[in-house]
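A.B. asks: In my numbering, the protein residues as written are 1 to 190.
Dropping the structure here:
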């Protein structure tokens, strides 16, 4: 926490502060109200450094423990688990994969939103739809391979450029169609 705040302060001092931050889930360990209160205390510190910027949050599987959805929904901005927002270059989509699946209703809603949105898209979700280097047991990605295939096909057909996931708690990348190079070129435009 302190290292991140120090880095953010340094960015602010240099005039290169991010416009917003994203937390990719597991805000709470056990879904307890006190854990969400502690998270909001941290968020206030971050947003003070961001100025007008916000912290966007993704619902994680740990956030659901002990009926934690009630706390998340009432305490964590933007108070929803499925939402979108736009920046100059991208449309950002936050999906609720905390239970390990999107479900048909969320998929159909996403499909309709994508059809009306030609902008390049960035997806934020907790549990990845696809496998990753740390997933030899299948725990860290979607258990519904049909849904994962449908979702990845939807991404491929609708200008999705980047998918950000939590759940694993370790950095890793899967580079589809060399987007990493594209991202370097647009990093400071958005």
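All C-beta atoms in this analysis are idealised placements derived from N, C-alpha and C, irrespective of residue type, glycine included.
Everything numeric in this text was worked out from a predicted model, so none of it was measured.
Distance, Cα to Cα, residue 149 vs residue 113?
C.D. replies: 19 Å
A.B. asks: With contact counted as at least three CB pairs below 8 Å, one residue from each stretch, are the region 37-52 and the region 83-99 in contact?
C.D. replies: Here the region 37-52 makes no contact with the region 83-99; the two share fewer than three CB pairs at distances below 8 Å.
A.B. asks: In the structure shown, what three-state DSSP assignment does residue 160 receive?
C.D. replies: In the structure shown, residue 160 sits in a strand (DSSP, three-state: E or B).
A.B. asks: Work out the CA separation of residue 43 and residue 10 for me, nearest whole Å.
C.D. replies: 17 Å
A.B. asks: Taking a contact to mean a Cβ-Cβ separation below 8 Å, would you say residue 168 touches residue 61 in this structure?
C.D. replies: For residue 168 and residue 61, no; Cβs fall outside 8 Å.
A.B. asks: Looking at the structure shown, is residue 165 part of a helix, part of a strand, or coil, going by DSSP?
C.D. replies: strand
A.B. asks: Quick check on this structure: which residue in 157, 98, 145 has the alpha carbon closest to the alpha carbon of residue 120?
C.D. replies: 157
A.B. asks: Is the beta carbon of residue 72 closer than 8 Å to that of residue 36?
C.D. replies: yes
A.B. asks: Go to residue 44, then tell me how far its alpha helix (DSSP H) extends in each direction, as first and last residue.
C.D. replies: 33-50
A.B. asks: In chain order, what are the residue ranges of uninterrupted alpha helix (DSSP H) at least 4 long that sit wholly in the region 60-103?
C.D. replies: 69-75
A.B. asks: Considering only the beta carbon of each residue, do residue 67 and residue 100 sit closer than 8 Å?
C.D. replies: The Cβ atoms of residue 67 and residue 100 do not sit closer than 8 Å to each other.
A.B. asks: Determine which residues share a DSSP beta bridge with residue 125 and list them.
C.D. replies: DSSP lists 165 as partners of residue 125.
A.B. asks: Helix, strand or coil for residue 23 per DSSP?
C.D. replies: strand
A.B. asks: If you drop the 5 nearest sequence neighbours on each side, which residues of the same chain put their C-beta closer than 8 Å to that of residue 1?
C.D. replies: 42
A.B. asks: Roughly how many angstroms separate the alpha carbons of residue 164 and residue 77, rounded to a whole number?
C.D. replies: 18 Å
A.B. asks: Do you know how far the Cα of residue 29 is from the Cα of residue 111?
C.D. replies: Going by the C-alpha atoms only, they are around 32 Å apart.
A.B. asks: According to DSSP, what are the bridge partners of residue 56?
C.D. replies: 22
A.B. asks: Would residue 93 be called buried (16 or more neighbouring beta carbons within 10 Å of its own) or exposed?
C.D. replies: buried
A.B. asks: Going by DSSP, what residue range makes up the alpha helix (DSSP H) through residue 6?
C.D. replies: 2-13
A.B. asks: Within its chain, find whatever has a CB closer than 7 Å to the CB of residue 45; leave out the 5 residues flanking it on each side and keep chain order.
C.D. replies: 5
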